[in-house]
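First the structure, in the form of structure tokens, and then the observations on it.
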Amino acid sequence: MTDEIETQARHLLGATLTRGDVTVRITEVEAYGGTGDPASHAFRGPTPRSEIMFGPPDVLYVYLSYGMHYCANVVVGADGDASAVLLRAGEVVRGVETARDRRGGVPDVRLARGPANLTSALGITIEQNGATLDGPQVVLHRDAPIPAEAVSAGPRVGVSRAADVPWRFWVTDDPTVSAYRRSPRAGDAEPL
DNA sequence: CGCAGGATTTGCT
DNA sequence: GCAAATCCTGCGG
137 MTDEIETQAR HLLGATLTRG DVTVRITEVE AYGGTGDPAS HAFRGPTPRS EIMFGPPDVL
197 YVYLSYGMHY CANVVVGADG DASAVLLRAG EVVRGVETAR DRRGGVPDVR LARGPANLTS
257 ALGITIEQNG ATLDGPQVVL HRDAPIPAEA VSAGPRVGVS RAADVPWRFW VTDDPTVSAY
317 RRSPRAGDAE PL
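Numbering (the working numbering), first residue to last: 137 to 328.
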């Protein structure tokens, strides 16, 4: 189970997510286990918000964070298993002008840096919650996997519980991934 | 029915 | 570097 979610998370790196005329190449993700992960929204069992994660995989789980930002996950667990992978950052590879428009004048490498910025660049909102990944709203292509030696792993960001599990994965040295600040001195960033 | 907190980002002290 | 913005979700009474 945990092996499976890690495999799924790593496999999403390098994949491309498209909505409308904007395409993002995913460079940073975080894995969330199902009911066994205290940091997951699925931890307390199915709720109106999290029930989408308990359904079939390959759909989007979108939620509103801090009352103002949207974050997008790919549901990966089999039907009944509430695992999901949070999309934390990416590189805009198509529709850059549209993305710039939505993000208002930030440097290109920051267009989709951070989970809420990524959804903003793609124009993803709660409307896309539950959308299937083979269209028509969003399309995911997992055909450009990142070699394992080019992937780093570390503790998850912004998580209060279970922050010890190295379930954040990113493309090593990719400019669209930030060296995150609030990690007091966790021994992260070990290339695998 | 009311309360506390959150998988964040941005701007200013 | 720190604190505010802002509202929905989940839990307790």
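No residue lacks a Cβ here, since even glycine has one placed at the ideal position from N, Cα and C.
Straight-line Cα distance separating residue j from residue i
| i | j | result |
| --- | --- | --- |
| residue 198 | residue 285 | 30 Å |
| residue 261 | residue 283 | 31 Å |
| residue 142 | residue 171 | 16 Å |
| residue 193 | residue 169 | 13 Å |
| residue 273 | residue 211 | 16 Å |
| residue 126 | residue 246 | Because the chain in this structure spans residues 137 to 328, residue 126 falls outside the shown range and cannot be described. |
| residue 233 | residue 252 | 18 Å |
Assigned secondary structure, residue i (DSSP; H/G/I helix, E/B strand, else coil)
| i | result |
| --- | --- |
| residue 288 | strand |
| residue 301 | coil |
| residue 205 | strand |
| residue 247 | coil |
| residue 270 | strand |
| residue 163 | strand |
| residue 155 | strand |
| residue 321 | Bear in mind that the predicted position of residue 321 carries a pLDDT of just 39, short of 50, making it unreliable; the figure below should be weighed with that in mind. Reduced to three states, the DSSP call for residue 321 is coil. |
| residue 147 | helix |
| residue 328 | In this prediction, residue 328 scores a pLDDT of 42, lower than 50, which makes its location untrustworthy; the coordinate-derived value is nonetheless stated afterwards. Of the three classes helix, strand and coil, the one that applies to residue 328 here is coil, per DSSP. |
Unbroken beta strand (DSSP E) run spanning residue i, endpoints
| i | result |
| --- | --- |
| residue 225 | 220 to 230 |
| residue 275 | 275 to 277 |
Beta-carbon proximity of residue i to residue j, cut-off 8 Å
| i | j | result |
| --- | --- | --- |
| residue 223 | residue 208 | yes |
| residue 140 | residue 306 | no |
| residue 228 | residue 158 | yes |
Same chain only: Cβ atoms within 6 Å of residue i, ignoring 5 sequence neighbours per side
| i | result |
| --- | --- |
| residue 275 | 154 |
| residue 182 | 190 |
The alpha helix (DSSP H) enclosing residue i, as first and last residue numbers
| i | result |
| --- | --- |
| residue 263 | Element bounds for residue 263: n/a, residue is neither H nor E. |
Sequence-distant residues of the same chain with beta carbon closer than 7 Å to residue i, five excluded per side
| i | result |
| --- | --- |
| residue 321 | For residue 321, the pLDDT reaches just 39, beneath the cut-off of 50, and the residue's location in the model is therefore unreliable, leaving the point undetermined. |
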